[in-house]
Amino acid sequence: MLTISMATISMATISIATIYMATVFMAIVPMVTVSMTTIFIATVFMATISMVTISMATISTASVAMAHKASEQNLLSSLHHWLLLGDDNSTIDDNINIPLNSHVVLATEQKYNSSAAINLQDVYKLSRTWPLIYTPARVWLPGQPFPPSPSRDDFQGLVLKAGVVVFEDDWNHRQDLQYKHLDTWSKVSYGPMVYVSEMLNFSMNETFVDSWGYTKYDGVFTGLVGLLQKGECDIGAVQCLLTTTRLDVIDYTVETLPFRPRFLFRQPPLSSVTNIYTLPFSVAVWTAYGITVAVIVIFLFAIQRIRIRNKPHKDNLETSSDWSETLLNSVGIICQQGSPNTPNDISSRITFQSQLLLSLFFFTSYSAIIVSLLQTPSTAINNLSELLKSPLKITMHDIIINHNYNNYINESLFPLVKELFHERILNKPKKDVFLTQEHGLELIRTQMFAFHVDVSAFKIIGDTWQEHEKCNLKEIYMYPESTAGFPIKKGSPYKEHFARRLRWLREVGIFDREWKRIITRKPKCENNDSAFISVGFQDFYPALLALMYGVPCSLLLIGGRSVGIARLRAQSMALCGVGFLYASEQKLLSSLHHWLLLGDVNSTIDENINIPLNSHVVLATELKDDSSADIVLQEVYKLSTSWLLTYTPARVWLPGQPFPPSPSRDDFQGLVMEDSWESHDDLRYKHLNTWSKLTYGPMKNVAKMLNFSMTETETESWGFLNPDGSFSGMVGLLQRNECDIGAVQCAITPGRRVAVEFAAEMVPF
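Sequential numbering of the sequence shown, starting at 0, is according to numbering that gives the first Met the number 0.
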């Protein structure tokens, strides 16, 4: 592989060369694979021992041909050591590619020196397009240690094509720390590569891509790895994750910084993971309080029953003596709502006072703890399994490494990771799962979300979150820590030079400096004083459950009561026998008769019986538990035939005492009456329909006084007798029960008295 220009070679030169080769190969070749070219050179020099002269043209032609063949087969790489023998005028063909990491040495004899010294020069190229570089000559004497090779760390301004991954920001902002959260992993590793370019004296011609590189169906990679695979770039200026598939097509120089994205989330409120309304007190306290309240209820009920039995005369009936009323009063006291009934005797008042004081202290402590619990985050989510079962919604940073989830699912050894992807990510639209950093972190701050992102998110959190919001920030890792390194073209001669410099930068702390400069640390909780927190729906949801369960239960009780009333109708009719229904049909329940119905506490009256408003029907119930033979009286009537029976408030009557007066029935409870009004014109024309307008005003006042409203039916006449005995007009409506009252006056005639009644005389006509 050497073109030699000299015409002859002397025996002394051959001898020196032979001795040199033997020494060199004994010293440096025992552990190295000897190439065919080396054997060829040794054979040639062995042949020249018996010859004084040799045709150098023949050797030159064979050497060049073999050198080109060795270059094509990559035999000039770092795996082989080459020794080329020549003289001062020897040169090597520039078309032969001798890479930077090769071991090719040109040896020439010092003819002017009788000490048999040999000059050694390393020969290499910085690039295929560059000329050969010869290192300064160094002298070697047979029997002496082989002199070290000079440094090749000066690339002499070589321009290398470098790939850079950029997908979030303009690369011109790489030095602006305001944008350090964008393309973080490219920026944090680009700095050391710039230092390497200055140390090795080369420059980079950058090519920008939007991904690190993922394999396609044809085995060709995209992104940065694809550029290196296809030879479009010499080096990667930024780090890249090490994967088994990438190692098949590219090499890595050194490991750089660890890459490990994580789920960021705020611990959910305590109310979202448990019922905070049971947490203020321990089970022992709840049990003690429940027993105490039960004892007080029993005491209160017993005291009231004893008082009723022993009191000869009853002042009122407001203080109930049944279990349900006593329990309801106690619940009202516990809930700080008070009691509608005030006990009259000293014993009951002492019991009430004790229960009020107990509930006051209990409620005060309970309320204080509840307020604290509403502002307390939970500690329920500490690993991936708990995150999967939590109510938090899962989202991910919208970058290409997260979109490559198929590899994670297929290669992951953790079933939880696969389960999380299938249950919380793949079953949703991508636009709802893959979000920008700003959007994802805002959802964490304001809602119950978990966002999968790398450490670049910490800068946004530090800039936009309030201090108290940073205190319950939690992180959980989904993947093991990944190893990243600087990628380089497969078999690149620059690999070792880059590796040495990058290792040195890592050892002296340059990597750590870049990490601290670019990567924002997780914000610390420096002030845990919470700001104003609004109570959300989730916080009082358990309280709503009580209402949600209570309403159906009340409806069931109403239904059961209705069924019970229907079954008791037969019993209710036994109060007065079948004659009571007959009396209703015969209109014997009018104001002309007085009825007294005797029953017990379970007695009811059939709703189908019409007891008019002007009736005198009284339901009398005896208090069996009272030794004083008190009678409870309630009047019963209907405001309308379609209304339910109305029972007046109970009043007590004692035998021998005056009969208590009947309560007023002047509240019609919003009853709607059908009334008639002779047709009229605009009220501005008061000379028209004068008598109707004159009396309609007082009737409106009566409606307000008795609390009823009127549905008006207009007629064209007051009413006159027809040949068939019926009346027309307003009197006809009242006769046919199409109206309840007449809202205007009507002249009183004997014929009309047969069909209707008149309430009062009005204005004379």
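Cβ coordinates follow ideal geometry from the N, Cα and C atoms, glycine included.
Looking at the ligand GTP, does it come within less than 7 angstroms of residue i, judged from the CB to the closest heavy atom?
| i | result |
| --- | --- |
| residue 657 | The ligand GTP is not part of this structure, which contains no ligands at all. |
So what does DSSP say about residue i, is it helix, strand or coil?
| i | result |
| --- | --- |
| residue 759 | coil |
| residue 507 | coil |
| residue 80 | strand |
| residue 434 | strand |
| residue 250 | strand |
| residue 536 | coil |
| residue 477 | coil |
| residue 496 | helix |
| residue 766 | Beyond the ends of the chain as shown, which are 0 and 764, falls residue 766; an answer cannot be given. |
| residue 180 | coil |
| residue 697 | helix |
| residue 194 | helix |
| residue 621 | strand |
| residue 392 | strand |
| residue 644 | coil |
| residue 551 | helix |
| residue 189 | helix |
| residue 204 | strand |
| residue 655 | coil |
| residue 90 | strand |
| residue 454 | coil |
| residue 133 | strand |
| residue 127 | coil |
Quick one: what's got a C-beta closer than 7 angstroms to residue i's C-beta in the same chain, skipping five residues either side?
| i | result |
| --- | --- |
| residue 534 | 373 |
| residue 606 | 643, 644 |
| residue 193 | none |
Mark residue i as exposed unless 16 or more other C-beta atoms lie within 10 angstroms of its C-beta, in which case mark it buried.
| i | result |
| --- | --- |
| residue 217 | exposed |
| residue 538 | buried |
| residue 456 | buried |
| residue 114 | exposed |
| residue 525 | exposed |
| residue 718 | buried |
| residue 345 | exposed |
| residue 286 | exposed |
| residue 445 | exposed |
| residue 347 | buried |
| residue 235 | buried |
| residue 25 | Note on residue 25: pLDDT 35, under 50, position unreliable in the model; the coordinate value appears next. With fewer than 16 other Cβ atoms within 10 Å, it is exposed. |
| residue 646 | exposed |
| residue 421 | exposed |
| residue 413 | exposed |
| residue 552 | exposed |
Please report the Cβ distance between residue i and residue j, rounded to the nearest whole angstrom; I am assuming they are in contact, meaning their Cβ atoms lie under 8 angstroms.
| i | j | result |
| --- | --- | --- |
| residue 583 | residue 613 | Not really, about 14 angstroms apart at Cβ, beyond 8 angstroms. |
| residue 501 | residue 195 | 6 angstroms |
| residue 438 | residue 477 | No, residue 438 and residue 477 are not in contact; Cβ-Cβ is about 20 angstroms, not under 8 angstroms. |
| residue 276 | residue 485 | Not a contact, Cβ separation roughly 58 angstroms. |
| residue 249 | residue 227 | 5 angstroms |
| residue 449 | residue 253 | That pair is no contact at about 34 angstroms. |
| residue 652 | residue 662 | The pair is not a contact, with the Cβ atoms about 13 angstroms apart (cut-off 8 angstroms). |
| residue 443 | residue 261 | The Cβ separation is near 12 angstroms, so there is no contact. |
| residue 244 | residue 221 | Actually they do not touch by this definition, with Cβ atoms about 12 angstroms apart. |
Sorted by chain position, which residues of the same chain lie with C-beta nearer than 6 angstroms to residue i's C-beta, five sequence neighbours on each side aside?
| i | result |
| --- | --- |
| residue 680 | In this prediction, residue 680 has a pLDDT of 45, which is less than 50 and means its spatial position is unreliable; nothing more can be read from the coordinates. |
| residue 365 | 279 |
| residue 299 | 325, 350 |
| residue 358 | 332, 333 |
| residue 37 | Because residue 37 carries a pLDDT of 39, less than 50, the predicted location of this residue cannot be relied on, and no value is offered for it. |
| residue 186 | 173, 517 |
| residue 306 | 344 |
| residue 142 | none |
| residue 615 | 593 |
| residue 480 | 257, 259 |
| residue 387 | 419 |
Comparing the C-beta of residue i with each C-beta of chain C, is any distance below 8 angstroms?
| i | result |
| --- | --- |
| residue 477 | Absent from the structure is chain C; it holds one protein chain and no more. |
With a CB to CB cut of under 8 angstroms and the five nearest residues on each side skipped, what residues in its chain are close to residue i?
| i | result |
| --- | --- |
| residue 232 | 160, 161, 162, 206, 223, 226, 488 |
| residue 749 | none |
Margin query: Closer than 8 angstroms is the cut-off here; do at least three beta carbon pairs connect the stretch 473-493 with the stretch 378-386?
Written below: yes
Note to self: Under 8 angstroms, with one C-beta from each stretch per pair, do the stretch 92-109 and the stretch 482-498 reach the 3-pair mark?
What the structure shows: yes
Next item on the list: Examine the Cβ distances between the stretch 203-212 and the stretch 546-566 and report whether three or more of them are shorter than 8 angstroms.
Entry: no
Note to self: For the stretch 176-189 against the stretch 512-524, do three or more pairs of beta-carbon atoms, one drawn from each stretch, fall closer than 8 angstroms, so that the two count as touching?
What the structure shows: yes
Item checked: Inter-stretch contact (C-beta, 8 angstroms, three-pair minimum) for the stretch 148-155 and the stretch 416-433 -> no
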